[in-house]
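For reference, the structure discussed in these notes is given below.
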Amino acid sequence: MLYFLDLLGTLAFAITGAYKAKGAHLNLFGVIFLGVITSIGGGTFRDLIIGRMPLFYLKDPNYLLIAILGGIIVYSIPVLFKKAYSFFRFVDSLGLAAFVIIGISISFSMLFKNNAEPTLTSFMASVLLGMITGVGGGVIRDSIMGGVPIMLPQAFGELALFTF
Amino acid sequence: MFINITLAIIISMAVTLIFREVVSNFGIYRKLVKKRAKS
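Just so you know, the sequences run in chain order A and B. Per the numbering used here, the very first residue in the first sequence carries number 21; after that it's consecutive. Per the numbering used here, the very first residue in the second sequence carries number 225; after that it's consecutive.
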């Protein structure tokens with residue numbers, strides 16, 4: 021179930037990244053690249069910060085394959101995603117929530133599993149790393165595309181994730 | 225960290241959806257309210 025949600029989130033993030041790249045009239049490589057960066061960027065950030073090696077998509081290539089597949093689908097049939105934008109926004113929300121909770125869980129188990137008593141600092145650090153997992157990919161995508169990251173002007177979703 | 229991670233994910237999804245679609249200015253709820261106000 022968790023794995024499925026994680027893959028669903030990866031696909032949703034890949035679709036949002038690739039869709040943005042397609043809107044900027046990039047070629048197939050650019051669309052796939054943006055899709056992959058968006059979907060695995062946040063997790064890579066987290067893994068690098070907490071020193072979790074090998075990176076999650078090298079251990080399990082399904083994440084990478086799903087992201088590439090999402091990019092190819094968006095490049096081939098962008099009309100589908102234009103019509104069903106609300107649906108993909110919905111899937112993106114679900115994926116974001118799953119990503120964040122999984123990110124928090126992984127960070128906590130990696131960093132503080134040997135601590136006898138969890139402290140407020142360890143909770144805060146885990147939540148921050150979870151938030152980075154969720155929004156990192158989108159921030160990298162928007163930085164590459166040259167826009168203000170979408171989480172900054174409309175941060176309600178991310179705020180919800182942080183406060184949760 | 226979580227007692228039940230599946231429950232945590234479900235609650236997180238609900239909170240995210242509420243904030244993104246209802247509270248945010250860019251959500252579906254505000255768009256529908258604007259449409260109704262125009263008509």
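Yeah, the Cβ is synthetic: ideal placement off N, Cα and C, and Gly gets one too.
| Check | Outcome |
| --- | --- |
| I want to verify the contact list: residues of chain A whose CB lies under 7 Å from the CB of B/L241, in sequence order. | S113 |
| Taking the alpha-carbon positions, what's the A/S163 to A/L148 distance? | 20 Å |
| Decide if the segment 83-90 of chain A is in contact with the segment 105-117 of chain A; the criterion is three or more beta carbon pairs, one per stretch, under 8 Å apart. | no |
| With a CB to CB cut of under 8 Å and the five nearest residues on each side skipped, what residues in its chain are close to A/G115? | L25, L28, G29, T30, L31, A32 and F33 |
| Distance cutoff 9 Å, beta carbons only. Does B/A232 sit that close to anything in chain A? | yes |
| Chain A beta carbons: is any one of them nearer than 9 Å to that of B/I252? | yes |
| Given a cut-off of 9 Å on the beta-carbon distance, is the pair A/L54 and A/D67 in contact? | no |
| Indicate the three-state DSSP secondary structure (helix, strand or coil) for B/M225 in the structure shown. | coil |
| Can you tell me whether DSSP reads B/K258 as helix, strand or coil? | helix |
| DSSP three-state call for A/P74: helix, strand or coil? | coil |
| What first and last residue would you give for the alpha helix (DSSP H) that runs through A/T139? | From DSSP, A/T139 is part of no alpha helix (DSSP H); its letter is neither H nor E. |
| In whole angstroms, what is the alpha-carbon distance linking B/S248 and B/K258? | 13 Å |
| Under 6 Å Cβ to Cβ from A/I160, same chain only, skipping five residues before and after it: list those, please. | I57 and G61 |
| A/V94 lies in the alpha helix (DSSP H); which residues open and close that run? | N82 to S96 |
| Out of A/L22, A/S96, A/M151 and A/M21, state which residue places its alpha-carbon closest to the alpha-carbon of A/I124. | A/M151 |
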